[in-house]
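Student:
Numbering (our numbering), first residue to last: 135 to 384.
So this is what it looks like as structure tokens:
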């Protein structure tokens, strides 16, 4: 159940004392995706596009790293070494930001960025599911099972939602420039105001058979399903562990 996953994600974010580790996990996953676009896994130097990667890292992620120079200075370097160097540079840049502002001050800001992104993307996801539901009956004319097709495409859309949140949150937090506690206060207030505008999120969406699931209170839903452990099977039914599937943001 996609609502179950979203409620679990939001609940974990709201209850977490610190979001530093969670944000670090999202950052590592995002930067891995970025690096692998230019430096494929298990590839050799002749296959790498280091200038292209450097041009993306600085303006989009605020990571100034001369990978070309790093390769020149090394006798032997692998694609994994390059990935580790980028992730380390991202971690150091973000840690410097935390040191300047303070974790206690920055944590509410991270929470609001996460919640706002999840709520906004969930709204868009519901609209996409509604559009899918309206046209899914046509699949029957193509000798396809509408229910199975809806389930498959809804799963793909939800996976895309999680990837968008991961990328969006990481980009926002990497690019935000806060030099003082006063600026941090103002930024947190601005994010909170924007988050309030999307706080009344409707968690109603079509089921696999196209019927509508009515909105329920988050606390009621969580009480009904219980807490999903990181190593428990994902409630989406994929067979994967929650942490490796739709628990990527948790």
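C-beta: ideal position from N, C-alpha, C; glycine also.
Since we're looking at a predicted model, the values are computed, not measured.
(1) Taking the beta carbon of residue 252 as the centre, do at least 16 other beta carbons fall within 10 Å, making it buried, or is it exposed?
(2) Between the region 184 to 198 and the region 224 to 242, can you find at least three pairs of beta-carbon atoms closer than 8 Å?
(3) Could you have a look at residue 213 and say whether DSSP puts it in helix, strand or coil?
(4) What whole-angstrom Cβ distance do residue 169 and residue 187 have, given they're in contact under 8 Å?
(5) Using a threshold of 8 Å, state whether the C-beta atoms of residue 300 and residue 164 are closer than that.
(6) Assuming residue 147 and residue 235 make a contact with CB atoms under 8 Å, what is their CB distance in whole Å?
(7) Would you mind reading off the limits of the alpha helix (DSSP H) that contains residue 206?
(8) Please report the straight-line C-alpha distance between residue 257 and residue 320, rounded to a whole angstrom.
(9) Going along the chain, which residues of its own chain have a beta-carbon closer than 6 Å to the beta-carbon of residue 173, five neighbours each way excluded?
(10) Residue range of the alpha helix (DSSP H) that residue 157 falls in?
(11) Mind checking whether residue 247 and residue 190 have CB atoms under 8 Å apart?
(12) Given a cut-off of 8 Å, decide if residue 288 and residue 263 are closer than it, judged by their beta-carbon atoms.
(13) DSSP three-state label for residue 178, please.
(14) Taking residue 151 as the reference, which of 242, 140 and 206 has the closest Cα?
(15) If you reduce the DSSP assignment to three classes, tell me which class residue 237 lands in.
(16) Going straight from the alpha carbon of residue 308 to that of residue 143, what length do you get?
(17) Any idea what DSSP makes of residue 320, helix, strand or coil?
(18) Only counting the same chain, and skipping five residues up and downstream in sequence, which positions put a Cβ closer than 8 Å to that of residue 149?
(19) Output needed for residue 232: all residues of its chain with C-beta closer than 8 Å, excluding positions within five of it in sequence on either side, in chain order.
(20) Is it buried or exposed, residue 221, if we count other Cβ atoms within 10 angstroms and call 16 or more buried?
(21) Tell me whether the beta-carbon of residue 202 lies closer than 8 Å to the beta-carbon of residue 184.
(22) Could you have a look at residue 150 and say whether DSSP puts it in helix, strand or coil?
(23) Figure out for me which residue from 292, 316, 305 and 219 has the closest Cα to the Cα of residue 138.
Tutor: In terms of the structure at hand:
(1) Counting from one through the chain shown, the residue named residue 252 turns up at place 118. Per the 10 Å Cβ criterion, buried.
(2) Counting Cβ pairs under 8 Å, three or more are found: they touch.
(3) Stepping through the chain shown from its first residue, residue 213 is reached at position 79. Three-state DSSP puts residue 213 in a helix.
(4) Along the chain shown, read from residue 1 onward, the residue named residue 169 stands at position 35. Along the chain shown, read from residue 1 onward, the residue named residue 187 stands at position 53. Confirmed, Cβ separation roughly 7 Å.
(5) For the purposes of this step, residue 300 is taken as the residue at position 166 of the chain shown. For the purposes of this step, residue 164 is taken as the residue at position 30 of the chain shown. With respect to residue 164, residue 300 sits close: the two C-beta atoms are nearer than 8 Å.
(6) Here residue 147 refers to the residue found at position 13 when the chain shown is read from its first residue. Here residue 235 refers to the residue found at position 101 when the chain shown is read from its first residue. Separation of the CB atoms of residue 147 and residue 235 is rounded to 19 Å, and the pair is thereby denied contact status at 8 Å.
(7) Along the chain shown, read from residue 1 onward, the residue named residue 206 stands at position 72. Residue 206 -> alpha helix (DSSP H) spans 201 to 207.
(8) As a position in the chain shown, residue 257 is number 123, starting the count at 1. As a position in the chain shown, residue 320 is number 186, starting the count at 1. Roughly 27 Å separates the two Cα atoms.
(9) Along the chain shown, read from residue 1 onward, the residue named residue 173 stands at position 39. Counting only Cβ-Cβ distances below 6 Å, and skipping sequence neighbours, we find 182, 213 and 216.
(10) The residue given as residue 157 occupies position 23 in the chain shown. Element bounds for residue 157: 154 to 172.
(11) For the purposes of this step, residue 247 is taken as residue 113 along the chain shown, with counting starting at 1. For the purposes of this step, residue 190 is taken as residue 56 along the chain shown, with counting starting at 1. No. Outside cutoff.
(12) Taking the first residue of the chain shown as position 1, residue 263 is located at position 129. Taking the first residue of the chain shown as position 1, residue 288 is located at position 154. In this structure, residue 263 places its C-beta atom within 8 Å of the C-beta atom of residue 288.
(13) The residue labelled residue 178 in the question sits at position 44 within the chain shown. In the structure shown, residue 178 sits in coil (DSSP, three-state: anything other than H, G, I, E or B).
(14) Against the chain shown, residue 151 aligns to sequence position 17. It is 242 whose Cα lies nearest to the Cα of residue 151.
(15) Residue numbering aside, residue 237 sits at position 103 when the chain shown is read from its first letter. It is helical.
(16) Taking the chain shown and counting its residues from 1, one reaches residue 308 at position 174. Taking the chain shown and counting its residues from 1, one reaches residue 143 at position 9. Using only the alpha carbons, I get a separation of about 21 Å.
(17) Within the chain shown, residue 320 is the residue found at index 186, counting from 1. Helix at residue 320.
(18) To locate residue 149, count along the chain shown from 1; it is residue 15. There are no such residues.
(19) By 1-based counting over the chain shown, the position of residue 232 is 98. Same-chain partners within the cutoff: 154 and 240.
(20) If you number the chain shown from 1, residue 221 lands on position 87. Residue 221 should be labelled buried.
(21) Start at 1 with the first residue of the chain shown, and residue 202 comes out as number 68. Start at 1 with the first residue of the chain shown, and residue 184 comes out as number 50. Residue 202 is a Cβ neighbour of residue 184, given a cutoff of 8 Å.
(22) On the chain shown, position 16 is the one that residue 150 refers to. Coil at residue 150, not helix or strand.
(23) For the purposes of this step, residue 138 is identified with residue 4 of the chain shown, where counting begins at 1. Per the Cα distances, 292.
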